[in-house]
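Novice: Below is the structure I would like to discuss, written out as structure tokens.
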Amino acid sequence: MNSINPLKLLQLKGAWEQFQTRHPKFPAFLNAASKTAMEQGTIIDVTITSPDGRQIGTNLRLTAEDIQLLRELKEMVK
629 MNSINPLKLL QLKGAWEQFQ TRHPKFPAFL NAASKTAMEQ GTIIDVTITS
679 PDGRQIGTNL RLTAEDIQLL RELKEMVK
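So in the numbering used here, spot 56 of the sequence shown is number 684, and the numbers just go up one at a time.
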């Protein structure tokens, strides 16, 4: 496993703050989802649509380990 670069973490935090400014609805959505829908067995379904209309999508069913990772990531960006 690679070591964590503290400088990169600080840069990531700044980038996340800028992202929140540009797209305020998305972090609010993630926050609401984490409070009400993130439990073992929850299915996350993601679809990305390019400007020309092409779509790609996938989904995943959350495990207990996934939820723990998401909690830890949430704590990192507070």
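Every residue gets a Cβ at the ideal spot worked out from N, C-alpha and C, and that includes glycine. Since the model is a prediction, treat every value here as computed from it, not as a measurement.
Could you tell me which of F657, S662, T649, N630 sits nearest to E700, measuring between CA atoms?
Specialist: For E700, the nearest C-alpha among the options comes from S662.
Novice: Starting from D673, follow its DSSP beta bridges and name the residues at the other end.
Specialist: Its beta-bridge partners are N687.
Novice: Measuring straight from C-alpha to C-alpha, what distance separates G642 and N630?
Specialist: G642 and N630: Cα-Cα distance of roughly 22 Å.
Novice: Can you tell me where the alpha helix (DSSP H) with I695 in it begins and where it stops?
Specialist: Run containing I695: 692-704, per the alpha helix (DSSP H) assignment.
Novice: Contact between the segment 686-693 and the segment 646-653: three or more CB pairs below 8 Å?
Specialist: No: fewer than three Cβ pairs fall under 8 Å.
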